[in-house]
Amino acid sequence: MAAAIQQQLSAFLGPLGFECHPFKIGWYNAVLQPSFHLQYPDDTLVFVVLSTPQMFEKAFKPFIADKQLSTVRDPIDECAVLYFSLVKENFSDQRIEAIHDFEMLPNRKPKVLVQTAAHVAGATYYYQMKHVQQNPWGEKKMYGVCIHPRYGGWFAIRGILIFPNVQVPSLEQKLPVDCVSTDEKKIQLLESFNFHWRDWTYRDIIDVEERYSEEQKQYFATPPAERFKLLGLKSNISGENQQSKTHGAF
Ligand code: B12
Numbered sequence: 048m049a050a051a052i053q054q055q056l057s058a059f060l061g062p063l064g065f066e067c068h069p070f071k072i073g074w075y076n077a078v079l080q081p082s083f084h085l086q087y088p089d090d091t092l093v094f095v096v097l098s099t100p101q102m103f104e105k106a107f108k109p110f111i112a113d114k115q116l117s118t119v120r121d122p123i124d125e126c127a128v129l130y131f132s133l134v135k136e137n138f139s140d141q142r143i144e145a146i147h148d149f150e151m152l153p154n155r156k157p158k159v160l161v162q163t164a165a166h167v168a169g170a171t172y173y174y175q176m177k178h179v180q181q182n183p184w185g186e187k188k189m190y191g192v193c194i195h196p197r198y199g200g201w202f203a204i205r206g207i208l209i210f211p212n213v214q215v216p217s218l219e220q221k222l223p224v225d226c227v228s229t230d231e232k233k234i235q236l237l238e239s240f241n242f243h244w245r246d247w248t249y250r251d252i253i254d255v256e257e258r259y260s261e262e263q264k265q266y267f268a269t270p271p272a273e274r275f276k277l278l279g280l281k282s283n284i285s286g287e288n289q290q291s292k293t294h295g296a297f
């Protein structure tokens with residue numbers, strides 16, 4: 048069942064520059080504190096959806112060319128919302144619940160931890176402080192980062208698609224590829240991601256097949272409020288609102 052749905056999802060999302068990987072709710076909940084649990088039975092089928100470097104050309108630019116200006120969100124987030132809703136239309140015989148990376152609970156915690164989802168689905172390895180044997184940072188909290196075996200850090204995790212009516216007890220868990228294997232490299236990765244993420248270097252921690260285009264980098268390097276201008280769009284929200292509503296993941 049999971050394989051058939053994955054094939055159909057990939058046929059739709061693949062040409063748009065997205066990847067999807069199946070997992071079970073139980074695998075996700077097993078590693079998280081209860082406050083982050085998703086309230087579905089353990090065997091429920093879920094897909095994590097990643098955007099690859101191609102998404103900008105294949106999905107985002109056509110989306111922007113077609114844009115009706117409403118824009119309360121980051122345009123990339125709006126683009127993902129559109130394609131997730133098209134997935135739902137395309138799977139009209141299935142109930143699908145989508146949760147995007149930017150959705151927050153009333154207590155301001157994220158509704159889904161997409162890095163954990165991508166790790167348990169075997170899509171990308173989630174490197175966290177605890178993976179480093181000789182911790183050089185003491186008590187300081189270092190944010191973790193996922194690395195994709197083909198795209199390094201040149202991707203984003205756009206959300207999950209839950210199939211509440213599909214139970215997959217026999218789905219087998221794939222381990223993600225541990226592509227940043229030495230302690231030295233892991234330290235370099237976490238330091239680049241936490242202290243120098245704007246210089247893009249953490250994304251090249253491994254050899255990659257593809258990176259973001261110069262145009263895509265320029266777009267993302269532009270502060271969110273000015274990206275609207277860069278695209279020739281007018282934002283109708285205040286700077287403060289825009290900051291809080293757009294993490295601007297890229
Ligand atoms: C809030 C947020 C931020 C905050 C805080 C960061 C943080 N990690 O807490 C701020 C604003 C600082 C931030 C910044 C950035 N962010 Co940010 N952020 C998020 C967001 C929305 C939620 C993260 C969060 O709050 N996590 C909560 C904490 C508690 O989770 P946690 O540390 O993973 O802890 C859990 C795990 O440890 C788990 N766990 C325990 N044991 C085990 C064992 C295993 C095996 C596993 C898998 C898990 C696990 O349990 C814990 C919870 O109970 C995510 C999107 C999302 N919805 O997930 C993006 C996200 C993490 N950000 C991302 C990025 C890229 C960035 C930036 C580079 C900016 C940008 N370009 O968008 C910067 C870089 C960081 C920096 N130097 O500042 C990407 C990371 C992609 C990747 N390759 O990993 C994400 C996933 C967005 C996306 N859509 O792709 N971000």
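In the working numbering, the protein residues as written are 48 to 297.
Ideal Cβ positions, reconstructed from N, Cα and C, are used throughout, including at glycine.
Source: prediction; values computed, not measured.
Just to confirm, does residue i get its C-beta within under 7 Å of one of the non-hydrogen atoms of the ligand B12?
i	result
G191	yes
T163	yes
W74	no
W201	no
A296	yes
F275	no
L79	yes
V255	no
I204	yes
W244	yes
Q181	no
L278	no
F83	yes
N154	no
V159	yes
H166	yes
Y130	no
Measuring CB to CB, does residue i end up less than 8 Å from residue j?
i	j	result
V227	I204	no
I52	L92	yes
F210	I143	yes
V179	I123	no
G206	D148	yes
Tell me which residues share the same chain as residue i and place their Cβ nearer than 8 Å to its Cβ, disregarding the 5 neighbours each side in the sequence.
i	result
P81	none
C67	Q53, L56, S57, L60, F94, V95, V96, L97 and L208
V134	L56, F59, L60, I143, A145 and L208
Who are the near neighbours of residue i in its chain, counting only those whose CB is closer than 6 Å to its CB and skipping five residues on each side?
i	result
H166	Y173 and P223
Q162	Y173 and C193
Mapping DSSP to helix, strand and coil, what is residue i?
i	result
T163	helix
I284	For I284, the predicted structure reports a pLDDT of 49, less than 50, and the residue's modelled location is therefore unreliable. A value from the coordinates is still provided. Note: I284 maps to coil in three-state DSSP.
M151	strand
K71	strand
E144	strand
A190	The identity of residue 190 in the sequence shown is Tyr, whereas the question assumes Ala. In this structure, Y190 counts as coil in the three-state DSSP scheme.
S260	coil
A203	strand
Identify, in the order they occur along the chain, each residue of the same chain with its Cβ nearer than 7 Å to the Cβ of residue i, setting aside the five sequence neighbours on each side.
i	result
Q290	Reliability fails at Q290, whose pLDDT of 44 lies under 50, so the model's placement of it is uncertain and the value that follows must be treated cautiously. Nothing meets the Cβ criterion.
L152	K158
A49	P69, L92, V215 and L218
Going by the C-beta, is residue i closer than 7 Å to any heavy atom of the ligand FAD?
i	result
P153	For the structure depicted, the ligand FAD is absent and the ligand set comprises only the ligand B12.
For the putative contact between residue i and residue j, defined by C-beta atoms under 8 Å, what is the C-beta separation to the nearest angstrom?
i	j	result
G191	M176	7 Å
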